[in-house]
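Step one of this worksheet: look at the structure below.
Residue numbers (my numbering), protein chains in the order written: chain A, 259 to 562; chain B, 426 to 1076.
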């Protein structure tokens, strides 16, 4: 029951957090920013609309948003929100979940190529390339975590154990993983400096250009899936850096989400003080993350 | 065992019928296909029942030419390798019913069925062989039969060249195998596989390296994979399906069989296998990304998947060497299961490629487009195959990759070098998975989605009935194994019990994991259906007009402006330099009003180039000795006389 409640809570809150980024960016730029509930309004607005489909598209175009949302939803089901046991979990689930995310991405790419638009093809090619590197980094992180805990599931990582916490014995090693994971988060969620969701030119985008032709409820499904994904990564990071461990369920949950908000704030700060990288620099940026984590792995060779 | 020999006899009869009835085109196809398939189904039932319920190892032998004994033995590994042979071959034959439609080539089609039957029988004999003589004999028959299948279109120059290249690699590989067998025989003085254990460790390593080269050239292990991208596009698609899906796995079988027979204890064997696997896996898929011809691309993906299989086997070998049971069991089971899985989705993809080449007349990815609308069934099956080969759930490719991952993760608890190799396996698998997804999003996206790029191509329509049927069967099998992996995994596990360490391993641990995978896959499908239903609800009663794609303000878009496969893969290939040589011919835009411009790019395989460089320098060096071959018979006799005198004088 508790697991279901915490899952529902996370699902309902997911559209809220991205506003934090927008507010931070607006604040730094001296503006007021959008209303706090803008994303909920957007969803309602999009769901009420119809769609315009391109004559070039086939059923794959309509399948894209569905698959990517289903994959993100499944991910939410397996994640231990605020350190509480998730609804589903098994030893080895991390491998399957990251591969399912890959499936979601695969269909997003196909939907983009289905429109026959050169811009969307460009975005698709970039997404395919960068995600290869990001995925390799993720598996480096999993290697490090397995080395530290002997576990292969989110529940084993974080429920009733603090082995993977910055405050614990391996904190120094985990710092490398945190930086790596942060870079992966920026990459996988198309944030600055890898991709700029707010740029005005389609030629320079990655993710936003891939969904140019989606509209109405289809677009809403994509957006919701993207919010879930971002929340997942932010929560994954928060579980590691969360310094507060209290027994009270509500207080614990509150502190956890406070740390999540902190992660979103840092994203906003990064977006405000950096421009996006040139496209040829992006692979090097992601490789930096995997090198850091690999270094962490090497440090564990001598024994723990 | 007799039942299996009867099945083989039936298959041979089917092949002969193909040859004898060649003048009655349709009748010949019907008789040959049904007889060979009946033999295969019999063989399949036999091997399945033996694998799951058989308690003893079957064996048989008879004398041949009064000197040699041909002996056969069916242990669990052999039984497992019979499965892909007996599953894919009849499906490929069924596919060929509508694929080989040209009545004018009926003699050739008949010969094709004959060699197909020979190939199937030879592959079965390779797997059954219990000694080196039988193994090598069957191996050679297999190579020759497949050579004749490749040169089906022998009037084309490219086909003959491809056949020649394949012939060289097949025979060169066999040479390594002969060397390995001779080396082993010189130490063990016995032809049977059972006699291998006694030879010294250092010899074992050399023998294993020779086997890796010999079987590797058949399997397509880098850098001996060069024949694959030539032979597969040249061969008819049902032949490519069997060769890539099944025959190259005989190379893997050879490696496993010799490994089992040698029973080495050193970790070096596993480490070599892992390095070769990582190399083949990553570079195979990188080269695949650079291909313009869809069948060449699929051929490079065979190299990649052989790499994945080797990674699995390597993990298993490392597990055996270090005494880590989980690692050994999961590594071997994963590698073996991937053998079976790959035979399903690769033959599916080759059949899809064959159908679209038959319909459009071209295999060039960048000339195609929008085929999903014209060939919805073939396109959907191809999409399933693409997801499966990229190793994504809920399809079968994921299950075997998951097992390998799992084994490798358990290798991380080891210390020192073994730890590094386990990590290498995991990272390579992750990179391979990502790149394979990139490559197949390219194929599906460019070929099947979007708009047709070339108006001069004939209007395609759906392929013939038998071709569609086989693709659906294979696509269904991919999904079923992905969602209910229980029995296939059990079979793979049963097969790897031939290894003593794994025989002690508890199967229960496997099965709870499989239940979890199966549940998660089902849960995902459930969520998918729920979201799709929700989406349908949202669109209920809404008007969805159709219009052109949003051109970002550009009002005169043409289909030629679509992204091409070449540009899609460009940045990834660029990243993997210097392992890929990209040759570009492009003059650039010079004038204010540019005229016609051409742009030509080829991603070249470093290993193919390097090997051809070595081969060319050797032939030019040997060319200087041409004067020895003058064609004068008297002088040849003189050579013989001189040689005999020299031999008599010195020995």
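Even glycine gets a Cβ: it sits at the ideal position worked out from N, Cα and C.
(request) Would you please state the rounded distance, in angstroms, between the beta carbons of residue 444 of chain B and residue 536 of chain B? I believe it to be under 8 Å. (result) Walking along the second chain from the start, residue 444 of chain B turns up at place 19. Walking along the second chain from the start, residue 536 of chain B turns up at place 111. Indeed they touch by this definition, with Cβ atoms about 6 Å apart.
(request) Would you give the residue range spanned by the beta strand (DSSP E) that residue 1007 of chain B belongs to? (result) Locating residue 1007 of chain B in the second chain gives position 582, where the first residue counts as 1. Segment 1005 to 1011, the beta strand (DSSP E) holding residue 1007 of chain B.
(request) Find the residues of chain B that neighbour residue 368 of chain A, judging by a C-beta separation of less than 7 Å, and give them in chain order. (result) Locating residue 368 of chain A in the first chain gives position 110, counting from the first residue. By Cβ distance, chain B contributes 866, 869, 870 and 874.
(message) Taking the straight line between their C-alpha atoms, what separation do you get for residue 790 of chain B and residue 1003 of chain B?
(response) For this step, residue 790 of chain B is matched to residue 365 along the second chain. For this step, residue 1003 of chain B is matched to residue 578 along the second chain. C-alpha separation (whole angstroms): 24 Å.
(request) Name, in chain order, the residues that DSSP records as bridge partners for residue 1027 of chain B. (result) Working through the second chain from its first residue, we reach residue 1027 of chain B at position 602. BP columns for residue 1027 of chain B point to B/1008.
(request) Could you give the DSSP three-state label for residue 343 of chain A: helix, strand or coil? (result) By one-based count along the first chain, residue 343 of chain A stands at place 85. Looking at residue 343 of chain A - three-state DSSP - the assignment turns out to be coil, as it is neither helix nor strand.
(message) Can you check whether the C-beta of residue 798 of chain B is within less than 9 Å of a C-beta belonging to chain A?
(response) In the second chain, residue 798 of chain B corresponds to position 373, counting from 1. Taking Cβ atoms only, chain A reaches closer than 9 Å to residue 798 of chain B, which makes this a yes.
(request) Identify whether residue 578 of chain B lies in helix, strand or coil by the three-state DSSP scheme. (result) Your numbering for residue 578 of chain B matches position 153 in the second chain. Residue state, collapsed to three classes: helix.
(request) Give the straight-line distance between the Cα atoms of residue 446 of chain A and residue 819 of chain B, rounded to the nearest whole angstrom. (result) The count along the first chain starts at 1 and reaches residue 446 of chain A at position 188. The count along the second chain starts at 1 and reaches residue 819 of chain B at position 394. Going by the C-alpha atoms only, they are around 22 Å apart.
(request) Would you check if there are 3 or more beta carbon pairs closer than 8 Å linking the stretch 649 to 665 of chain B to the stretch 748 to 757 of chain B? (result) no
(request) Say whether chain B places a C-beta atom closer than 9 Å to the C-beta of residue 494 of chain A. (result) Counting from one through the first chain, the residue named residue 494 of chain A turns up at place 236. No, because no Cβ of chain B sits closer than 9 Å to the Cβ of residue 494 of chain A.
(message) The alpha helix (DSSP H) that contains residue 402 of chain A, what's its start and end?
(response) Stepping through the first chain from its first residue, residue 402 of chain A is reached at position 144. Taken as a continuous stretch (DSSP letters only), the alpha helix (DSSP H) holding residue 402 of chain A covers 376 to 407.
(message) Taking CB distances under 9 Å as the criterion, tell me whether residue 349 of chain A reaches chain B.
(response) Here residue 349 of chain A corresponds to residue number 91 of the first chain, with the count starting at 1. It does; some Cβ of chain B falls within 9 Å.
(message) So if DSSP puts residue 971 of chain B in a beta bridge, which residue, or which two residues, is it bridged to?
(response) As a first step, residue 971 of chain B must be located in the second chain, where it is residue number 546. A/311.
(request) Count the other CB atoms, across all protein chains shown, that sit within 10 Å of the CB of residue 501 of chain B; report buried if there are 16 or more and exposed otherwise. (result) Along the second chain, one-based indexing puts residue 501 of chain B at 76. Classification of residue 501 of chain B: buried, given that the 10 Å Cβ count is 16 or more.
(message) Against residue 460 of chain A, what residues of chain B qualify as contacts under a CB-to-CB distance less than 7 Å, listed in chain order?
(response) Counted from its first residue, the first chain places residue 460 of chain A at position 202. By Cβ distance, chain B contributes 977.
(request) Give the DSSP-derived three-state secondary structure of residue 483 of chain B in the structure shown. (result) Locating residue 483 of chain B in the second chain gives position 58, where the first residue counts as 1. It is a strand residue.
(request) Closer than 7 Å by beta-carbon distance: list the chain A residues that pair up with residue 640 of chain B, in chain order. (result) For the purposes of this step, residue 640 of chain B is taken as the residue at position 215 of the second chain. Within chain A, no residue comes near residue 640 of chain B; the closest Cβ sits about 29 Å away, beyond 7 Å.
(request) Please state whether DSSP places residue 431 of chain B in a helix, a strand or coil. (result) On the second chain, position 6 is the one that residue 431 of chain B refers to. Residue 431 of chain B: helix per DSSP, three-state reduction.
(message) Mapping the DSSP letters down to three states, classify residue 634 of chain B as helix, strand or coil.
(response) As a first step, residue 634 of chain B is located in the second chain; it is residue number 209 there, counting from the start. If DSSP states are grouped into helix, strand and coil, residue 634 of chain B belongs with the helices.
(request) Please say whether residue 310 of chain A and residue 971 of chain B have beta carbons closer to each other than 9 Å? (result) In the second chain, counting from the first residue as 1, residue 971 of chain B sits at position 546. In the first chain, counting from the first residue as 1, residue 310 of chain A sits at position 52. Their beta carbons are under 9 Å apart, which means residue 971 of chain B touches residue 310 of chain A by this criterion.
(request) Please report how far the alpha carbon of residue 996 of chain B lies from the alpha carbon of residue 514 of chain B, in whole angstroms. (result) Here residue 996 of chain B refers to the residue found at position 571 of the second chain. Here residue 514 of chain B refers to the residue found at position 89 of the second chain. Near 39 Å, if we compare the C-alpha coordinates of residue 514 of chain B and residue 996 of chain B.
(request) Could you name the residues of chain B that residue 380 of chain A contacts, counting a contact when the two beta carbons are closer than 7 Å? (result) Against the first chain, residue 380 of chain A aligns to sequence position 122. The answer, in chain order, is 988.
(request) Sort A/368, A/337 and A/331 by Cα distance to residue 874 of chain B and report the nearest one. (result) Translated into the one-based positions of the second chain, residue 874 of chain B becomes position 449. It is A/368.
(request) Determine, using beta carbons only, whether residue 964 of chain B comes closer than 9 Å to chain A. (result) As a position in the second chain, residue 964 of chain B is number 539, starting the count at 1. With 9 Å as the cut-off, residue 964 of chain B counts as an interface residue toward chain A.
(request) Give every residue of the same chain whose Cβ lies closer than 6 Å to the Cβ of residue 927 of chain B, excluding the five residues on either side of it in the sequence, and list them in chain order. (result) By one-based count along the second chain, residue 927 of chain B stands at place 502. Hits under 6 Å: 753, 754 and 921.
(request) Can you give me the start and stop residues for the beta strand (DSSP E) that residue 499 of chain B sits inside? (result) Indexing the second chain from 1 puts residue 499 of chain B at position 74. Element bounds for residue 499 of chain B: 493 to 499.
(message) From the DSSP secondary-structure annotation, give me the bridge partner or partners of residue 617 of chain B.
(response) As a position in the second chain, residue 617 of chain B is number 192, starting the count at 1. According to DSSP, residue 617 of chain B bridges with B/556.
(message) Applying the 10 Å Cβ sphere with the 16-neighbour rule, what's the burial state of residue 266 of chain A?
(response) Mapped onto the first chain, residue 266 of chain A falls at position 8. So residue 266 of chain A ends up on the exposed side.
(request) Spell out the partners DSSP gives residue 718 of chain B in its beta bridges. (result) Counting from 1 along the second chain, the entry for residue 718 of chain B is found at position 293. Residue 718 of chain B is bridged to B/789.
(message) Tell me which residue opens and which closes the alpha helix (DSSP H) that residue 932 of chain B is part of.
(response) Here residue 932 of chain B is taken as the residue at index 507 of the second chain, counted from 1. Unbroken run through residue 932 of chain B: none, as it is neither H nor E.
(request) Give a yes or no on whether the minimum CB-CB distance between residue 272 of chain A and chain B is below 9 Å. (result) Against the first chain, residue 272 of chain A aligns to sequence position 14. It does not: the Cβ of residue 272 of chain A has no partner Cβ on chain B nearer than 9 Å.
(request) Spatial neighbours of residue 443 of chain A within its chain, please: CB distance less than 6 Å, with the 5 preceding and 5 following residues excluded, ordered by chain position. (result) Within the first chain, residue 443 of chain A is the residue found at index 185, counting from 1. Hits under 6 Å: 491.
(message) Assuming residue 478 of chain A is part of the alpha helix (DSSP H), what are its boundary residues?
(response) Taking the first residue of the first chain as position 1, residue 478 of chain A is located at position 220. Where residue 478 of chain A is concerned, the enclosing alpha helix (DSSP H) stretches over 474 to 499.
(message) Please identify, using Cβ separations under 8 Å, the residues of the stretch 642 to 667 of chain B that lie next to chain A, in order along the chain.
(response) none
(request) Using a cut-off of 8 Å between C-beta atoms, extract the partners of residue 310 of chain A located in chain B. (result) Residue mapping note: residue 310 of chain A aligns to position 52 of the first chain, counting from 1. The contacting residues are 969, 970, 971 and 972.
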